[in-house]
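Everything below concerns the one structure shown next.
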Amino acid sequence: MTKATYSISELANEFGVSNRTIRYYEEKGLVQPRRVGQKRIYSAADRVRIKLILRGKRIGMTLKESVEIIDLYDPEHNNEEQLHSLINSVRDKRRRLLQQQQDINDMLRGLDEVESLCQQALSSQHLSRS
DNA sequence: TTTCTTACA
DNA sequence: TGTAAGAA
14 MTKATYSISE
24 LANEFGVSNR
34 TIRYYEEKGL
44 VQPRRVGQKR
54 IYSAADRVRI
64 KLILRGKRIG
74 MTLKESVEII
84 DLYDPEHNNE
94 EQLHSLINSV
104 RDKRRRLLQQ
114 QQDINDMLRG
124 LDEVESLCQQ
134 ALSSQHLSRS
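Residue 14 is where the first sequence starts when you use my numbering, and the numbers rise one by one after that.
Here's what the structure looks like:
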């Protein structure tokens, strides 16, 4: 049931971004949809790339960082040497993401603390008022 | 109607 | 990124 191709508007609507944004990503070389005349025709693979780009953006990655991750997916490199460096890249990226995850959890705990203190403050105010 | 390019805010 | 203009 997965569609084979998409128009720029279909993808823009699906991901909640403008057509302009998708064309911009192409300008940056993040996607290369095939053309039929001037019309851009996006493949399922293009759709996935855009999805990953947007996901990266959501967690604060720059377009460049997203490209790095996306490039890890396609086996463009095949000799043993490149595969080794690819593995290292993957591991390195994993470390950074885990670090981010750690930092996010820590910040979340901090927020819990602040909220808790606020709740306590409100409670005592209500008590002294009544 | 939809998409394209280009250019400017 | 949004938006506008003119073309296809």
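Glycine residues also receive a C-beta, built at the ideal position from the N, C-alpha and C atoms. Values in this document were obtained by computation on a predicted structure and should not be read as measured data.
By the CB criterion at 8 Å, Val44 and Tyr38 fall inside the cutoff.
Check the Cα spacing between Ile72 and each of Ile117, Gly29, Val103 and Ile63: the tightest is with Ile117.
In the structure shown, the three-state DSSP call for Val49 is strand. Put simply, the backbone Cα of Asn91 is about 57 Å away from that of Gln132. Unbroken alpha helix (DSSP H) stretches of 4 residues or longer found wholly inside the region 51 to 107: 57 to 71 and 76 to 86, given in chain order. Ala25: member of the alpha helix (DSSP H) spanning Ile21 to Phe28, first to last residue. Going by DSSP, Thr34 is part of the alpha helix (DSSP H) stretching over Asn32 to Glu40. Rounded to whole angstroms, the gap between the alpha carbons of Ile66 and Leu76 is 7 Å.
The C-beta distance from Phe28 to Ile63 rounds to 6 Å, short enough to meet the 8 Å contact threshold. Relative to Tyr86, the option among Gln113, Asn32 and Ala58 whose CA is nearest is Ala58.
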